[in-house]
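Engineer: Chains as they are written, first to last, in the numbering used here: chain D, 1159 to 1418; chain E, 696 to 1052.
Here a beta-carbon is modelled for each residue, glycine too, at the ideal position from N, C-alpha and C.
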């Protein structure tokens, strides 16, 4: 069978969504960002909303999201994505507006913008990738870095007496009346990928209801920042991140479902 | 003739914002400019024109909401006063780098730090030289009357969209708070058509996706982007200089003053004329681009130039650069929210240039 035979339509088992560009991903091998990017764009394609979708890239490893996501995008200053998304959504209330932010961006420098966009119930979607570290700048402590976890600015482990405790943003914003859907997902196994995609799809589709903000936290790995091989990083994530950041829905249709 | 109203400077800006077809205003309270947002709230602009008005959680959030709205091609604005404008500097740098049009109003108060709520002109450097990081400029308009507070909203948007860049109206607590008769322009409809070559409104099949960003990791591409911005600023310097001359024929001395100081100097000049001292006034309307050429021309005719500003002497540096040492240039101004009287300005002039008390 030659190549032409293989690429026939009836032999097609998988195709990259057209909502992703052909640009080679800049992420480290084993990183979850690529999968999360793809899930967001598959959702945009499946909901058929590419022509009505505006993304907001943030600062961190997701800074170049607009190179890979084939939708109109604007790049926000560090932490300001929810404010930028607010400006867009208020002007175009019927468009689908989402931010794609890491934990340093969303939970440290952008805490104020995050809390207030959630509290106002902006009808936007926030994709929050939590890998417990500043990946782009070389593995410094993030607000989400676990107790005792090593980073380049906590080389002997995070001492919570000195540096404070890791922050659970999703549980925090779920308390606000403005959030409609808050969930925590992962993408390290096919099962988790399917669950995460379903959650992202719900979070995007919710915008039509105009009932408030939807936030999907994805607990992910950072092999480079954690100084681990990809498989070891995923195992470490299961054993250490998930107990502190338990997976599952936190708020569905405006109602709290569980509190860890 | 347009509708006549007696308005505060701040109210005139707010009314003009609605009439100019502003799509979105994002603000945060700070004295002495809070009337802008209060007036807008009372006017219910969403009912009058469909305009969005949102009180943000901070000045930082407000300027970034402007960034979002401007990304979509909408007419967006924010206003604040000095300490709040300092917080917006990050946003202004990004708006400039991303080439987004918007209108930013600074009703200047005394500084540094929390300073005072009284009028000052000590944000000149910040407004005209950058303020945020990187090689960028704002077009800076300096209204000297409540009428110009209204008129410059229209002018500001025109320039912002013509050059795709932020425009600042640099006023102060004096012009913002004082009431004057103002002739309002007829309302302009909000835009319904957007330039699809750059706005982010959703990628349609008939065009490539649009990206708004100030980032390029390739230094050579970033250099090209910077050169493009500098070319734009050069064009602006050559084409957008605005100023007003008052009594500049047959003069021995020249005052250079903008905004509230220009109003004060107007009176100082007529006091001088009564005493037979021939002083003219050059009032820069655009602080960037600065009217350097006309000042250089006038410098050839006079014995000295006094730059008058409610500051320790900021604009005077641009006057000196324009004059290039051809004639003596000095600065006078009260500081930290104190306002010089016309008599004080004239006395200062006499003591500096005429060696008399």
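1) Check whether the Cβ of residue 1032 of chain E lies closer than 7 angstroms to any Cβ atom in chain D.
2) I'd like to know if the segment 754–761 of chain E and the segment 1226–1246 of chain D are in contact, where contact means that at least 3 CB-CB pairs between them fall below 8 angstroms.
3) I'd like to know if residue 1407 of chain D contacts chain E, where contact means its C-beta is closer than 7 angstroms to some C-beta of that chain.
4) Check residue 970 of chain E in the structure and name its three-state DSSP category.
5) So, are the CB atoms of residue 770 of chain E and residue 853 of chain E less than 7 angstroms apart?
6) Counting only beta-carbon atoms, is residue 1241 of chain D nearer than 7 angstroms to chain E?
7) With a threshold of 7 angstroms between beta carbons, is residue 744 of chain E in contact with chain D?
8) Using the beta-carbon of each residue, which ones in chain D are nearer than 7 angstroms to residue 910 of chain E?
9) Cβ of residue 904 of chain E less than 7 angstroms from any chain D Cβ?
10) Give every residue of the same chain whose Cβ lies closer than 8 angstroms to the Cβ of residue 699 of chain E, excluding the five residues on either side of it in the sequence, and list them in chain order.
11) Are there 16 or more other CB atoms within 10 angstroms of the CB of residue 732 of chain E, so buried, or fewer, so exposed?
12) Along chain D, in chain order, which residues have C-beta atoms closer than 8 angstroms to that of residue 749 of chain E?
13) Can you tell me which of E/821, E/720, E/928 puts its alpha carbon nearest to the alpha carbon of residue 1009 of chain E?
14) Residue 892 of chain E: buried (16+ other C-beta within 10 angstroms of its C-beta) or exposed?
15) Answer with yes or no whether the minimum CB distance from residue 1270 of chain D to chain E is below 7 angstroms.
16) Kindly list, in the order they appear in chain E, the residues whose Cβ is closer than 8 angstroms to that of residue 1289 of chain D.
17) So is residue 1297 of chain D buried or exposed if we call it buried at 16+ other beta carbons inside 10 Å?
18) Would you kindly report the start and end of the unbroken alpha helix (DSSP H) that includes residue 921 of chain E?
19) Quick check on the burial criterion: 16 or more other C-beta atoms within 10 angstroms. Buried or exposed for residue 1169 of chain D?
20) For residue 1216 of chain D, which of helix, strand or coil comes out of DSSP?
21) Kindly say whether residue 916 of chain E, judged by its beta-carbon, lies nearer than 7 angstroms to any beta-carbon of chain D.
22) Bridge partners of residue 832 of chain E, per DSSP?
23) Spell out the partners DSSP gives residue 700 of chain E in its beta bridges.
24) Looking at the secondary structure, which residues open and close the beta strand (DSSP E) in which residue 1231 of chain D lies?
25) Does DSSP put residue 977 of chain E in a helix, in a strand, or in coil?
Structural biologist: Reading off the structure:
1) Here residue 1032 of chain E refers to the residue found at position 337 of the second chain. False, the Cβ-Cβ gap to chain D never drops below 7 angstroms.
2) yes
3) Position 249 of the first chain holds residue 1407 of chain D. No, residue 1407 of chain D lies away from the interface with chain E (no Cβ there is under 7 angstroms from its Cβ).
4) Indexing the second chain from 1 puts residue 970 of chain E at position 275. The answer is coil: DSSP assigns residue 970 of chain E none of H, G, I, E or B.
5) As a first step, residue 770 of chain E is located in the second chain; it is residue number 75 there, counting from the start. As a first step, residue 853 of chain E is located in the second chain; it is residue number 158 there, counting from the start. Going by C-beta atoms, residue 770 of chain E is not nearer than 7 angstroms to residue 853 of chain E.
6) Working through the first chain from its first residue, we reach residue 1241 of chain D at position 83. Yes - at least one Cβ of chain E is within 7 angstroms of the one on residue 1241 of chain D.
7) Within the second chain, numbered from 1, the residue matching residue 744 of chain E stands at position 49. Judged by the 7 angstroms Cβ criterion, residue 744 of chain E is not in contact with chain D.
8) As a position in the second chain, residue 910 of chain E is number 215, starting the count at 1. By Cβ distance, chain D contributes 1221, 1233.
9) For the purposes of this step, residue 904 of chain E is taken as residue 209 along the second chain, with counting starting at 1. Yes, contact with chain D.
10) The residue labelled residue 699 of chain E in the question sits at position 4 within the second chain. Closer than 8 angstroms at Cβ, skipping near neighbours: 876, 877, 878, 879.
11) Along the second chain, one-based indexing puts residue 732 of chain E at 37. Buried, by the Cβ-count rule.
12) Counting from 1 along the second chain, the entry for residue 749 of chain E is found at position 54. Chain D residues near residue 749 of chain E: 1244, 1248.
13) Here the question's residue 1009 of chain E lines up with position 314 in the second chain. The shortest C-alpha to C-alpha distance from residue 1009 of chain E to any of E/821, E/720, E/928 is the one to E/821.
14) Residue mapping note: residue 892 of chain E aligns to position 197 of the second chain, counting from 1. Label assigned to residue 892 of chain E: exposed.
15) Position 112 of the first chain holds residue 1270 of chain D. Residue 1270 of chain D counts as touching chain E.
16) Taking the first residue of the first chain as position 1, residue 1289 of chain D is located at position 131. Correct list: empty, because the minimum Cβ distance to chain E is about 21 angstroms.
17) The count along the first chain starts at 1 and reaches residue 1297 of chain D at position 139. Buried: at least 16 other Cβ atoms inside 10 Å.
18) By one-based count along the second chain, residue 921 of chain E stands at place 226. Note, residue 921 of chain E: alpha helix (DSSP H), 914–934.
19) Walking along the first chain from the start, residue 1169 of chain D turns up at place 11. Flag for residue 1169 of chain D reads exposed.
20) On the first chain, residue 1216 of chain D is found 58 positions in, with the first residue counted as 1. When secondary structure is reduced to three states using DSSP, residue 1216 of chain D falls in the coil class, being assigned neither helix nor strand.
21) Start at 1 with the first residue of the second chain, and residue 916 of chain E comes out as number 221. Residue 916 of chain E does not count as touching chain D.
22) Translated into positions along the second chain, residue 832 of chain E becomes position 137. Beta-bridge pairing links residue 832 of chain E to no other residue.
23) Walking along the second chain from the start, residue 700 of chain E turns up at place 5. Per DSSP, E/877.
24) As a first step, residue 1231 of chain D is located in the first chain; it is residue number 73 there, counting from the start. Under the DSSP assignment, residue 1231 of chain D falls in the beta strand (DSSP E) whose first and last residues are 1230–1233.
25) The residue you call residue 977 of chain E lines up with position 282 of the second chain. The answer is strand: DSSP assigns residue 977 of chain E an E or B state.
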